[in-house]
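> If you scroll down you'll find the structure; I have some questions about it.
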Amino acid sequence: MIQFTQLKTKASLLGSVALALSFFNTEVTAGEERFFDVARVTQVTPVYTTVTRDIPERECWVEQVREEVPQRRRNSATSTIVGGIVGGAIGNAVGAGSENKKVGAVVGSLLGMSVGNDIARHHRRHQDHYSEVRYRDVERCEVKHRVESERRLVGYDVDYRYRGQHYSTQMDRHPGKQIRVAVDVRPVRN
């Protein structure tokens, strides 16, 4: 009789433990039972993706630029004056007598001035304009594009073994040596 009482006590104790464990480790839904267990991880492979970014960069530098600035020559009376002096000297040398020398000098001077003015005008017509060369600093800029690539970890491919069967899943973080699995038990209905 003692054995029967001990057996009854053991059965009662086991039933109580099983009932308590079922509250902590199972979910029961209309003929289904779910419990959690631990599976051994067999392989973990990191999964990466490559992210590329286009980065615009502005580069500037200073260049010296040549400029031609149009200029106009100022009219000079030098040709007319020189022509008058030369013409007066020639008129004075050609004229005979003191009165003729004065008239020759005046006429020669007027003719020399006219000839000098004509020569200067002809010369100015062909070389009236000229360009003055100047250099100035100019800032130049251009945009260049640099591409940057970066590998980012997106998760892990995890292979695990549970009760002799192999399974695979993806996880956000490294699982370690074991993972927790949910086991569903359902009756088979024919």
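Quick note: our numbering has the sequence shown finishing at residue 252, numbered continuously throughout.
Think of the CB as a built atom: it goes at the ideal place given N, C-alpha and C, for glycine as much as any other residue.
To the nearest angstrom, how far is the alpha carbon of residue 239 from that of residue 209?
For residue 239 and residue 209, the distance between alpha carbons rounds to 39 Å.
> Can you grab the Cα-Cα spacing for the pair residue 116 / residue 125, in whole Å?
28 Å
> Would you kindly work out how many angstroms separate the C-alpha atoms of residue 251 and residue 97, rounded to a whole number?
21 Å
> Mind checking whether residue 127 and residue 200 have CB atoms under 9 Å apart?
yes
> Around the Cβ of residue 222, are there at least 16 other Cβ atoms within 10 angstroms (buried) or fewer (exposed)?
buried
> Kindly list the residues whose CB is nearer than 6 Å to the CB of residue 212, restricted to its own chain and excluding five residues on each side of it in sequence; keep chain order.
113, listed in sequence order.
> Can you list, in chain order, the residues of its chain with a C-beta nearer than 8 Å to that of residue 111? Leave out the 5 residues immediately preceding and following it.
Close CB contacts of residue 111 within its chain, under the 8 Å cut and outside five residues either way in sequence, are with 213, 214, 216 (chain order).
> Should residue 226 be labelled buried (16 or more other beta-carbon atoms within 10 Å of its own) or exposed?
exposed
> Report the option in 118, 131, 175, 218 whose CA atom is closest to the CA atom of residue 205.
Selected option, being the one with the closest Cα: 118.
> Using three-state DSSP, classify residue 183 as helix, strand or coil.
helix
> Can you list, in chain order, the residues of its chain whose CB lies under 8 Å from that of residue 232, leaving out five sequence neighbours each side?
109, 217, 218, 219, 220
> State the Cα-Cα distance for the pair residue 102 and residue 248, rounded to the nearest angstrom.
24 Å
> Straight-line CA distance for residue 78 to residue 99?
For residue 78, the predicted structure reports a pLDDT of 47, less than 50, and the residue's modelled location is therefore unreliable. The matter cannot be settled from this model.
> May I ask you to list the residues that DSSP assigns as paired with residue 176?
Residue 176 is not bridged to any residue.
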